[in-house]
Amino acid sequence: MITQSEISLSPLPRGYHLITSIISNHLEELPDKGLLNIHILHTSAGITINENADPDVRHDYELYFNRLAPENLEGIKHTIEGPDDMPAHIKASLVGSSVTIPITNGNLNLGIWQGIYLCEFRNHAGPRRLVLTIYS
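Structure representation (structure tokens):
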């Protein structure tokens, strides 16, 4: 059986935002066993799973990704939406647009220090839409 829903997140500032509780609160009763796929419908933001305990992780993400894909890089041509747009596309490609999480005993089977992050790479983004698909 497959069920699917879509949620819209209010605009978030640039950065790495834990959305585990938002996702969990949106989901109705989960099957005993299965998979949850979360897919973001945008090309300048990403979704990932990583450490959720130390807030310094968010700072370090920003530092690292800005070195990989800096704004105002000489030679970049796709700048019509601003200097943060092409770097946002590159960062989103590196992070990815979906994650799949096992469902075990009716719960998301995340590790003790794992959380679901929405990675917002634009300086002034709009709402972000996520598709949640449950396979049971």
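Counting from 16, one number per residue, gives the positions in the sequence shown under this note's numbering. Yeah, the Cβ is synthetic: ideal placement off N, Cα and C, and Gly gets one too.
For residue i, I'd like the list of residues in its chain whose CB is within less than 7 Å of its CB, leaving aside the five on either flank, ordered along the chain.
| i | result |
| --- | --- |
| R29 | E135, F136, R137 and N138 |
| G126 | none |
| R73 | G30 and Y31 |
| L123 | S39, L51 and I116 |
Tell me, to the nearest whole angstrom, how far the beta carbon of residue i is from that of residue j; I am working on the premise that it is less than 8 Å.
| i | j | result |
| --- | --- | --- |
| I133 | L27 | As written in the sequence, residue 133 is Leu, which differs from the Ile given in the question. Right, the Cβ-Cβ distance comes to about 7 Å (below 8 Å), so this counts as a contact. |
| N65 | Q129 | 7 Å |
Nearest to residue i by alpha carbon, out of the options?
| i | options | result |
| --- | --- | --- |
| N81 | E21, G121 and K106 | K106 |
| S23 | E44, L45, S39 and I55 | I55 |
| A140 | L123, E96 and N120 | E96 |
So, at 6 Å on beta carbons, what are the nonlocal neighbours of residue i in its own chain, with the 5 sequence-adjacent residues on each side left out?
| i | result |
| --- | --- |
| Q19 | T148 |
| G121 | L45 and D47 |
| G111 | G61 |
For residue i, is the classification buried or exposed, using 16 other Cβ atoms within 10 angstroms of its Cβ as the cut-off for buried?
| i | result |
| --- | --- |
| H104 | buried |
| H57 | buried |
| G61 | buried |
| M16 | exposed |
| D71 | exposed |
| A84 | buried |
| L78 | exposed |
| S151 | exposed |
| S59 | buried |
| D100 | buried |
In chain order, what residues of the same chain have a beta carbon less than 8 Å from the beta carbon of residue i, not counting five sequence neighbours either side?
| i | result |
| --- | --- |
| S25 | P142 |
Contact between the stretch 107-125 and the stretch 42-51 (3+ Cβ pairs under 8 Å): yes
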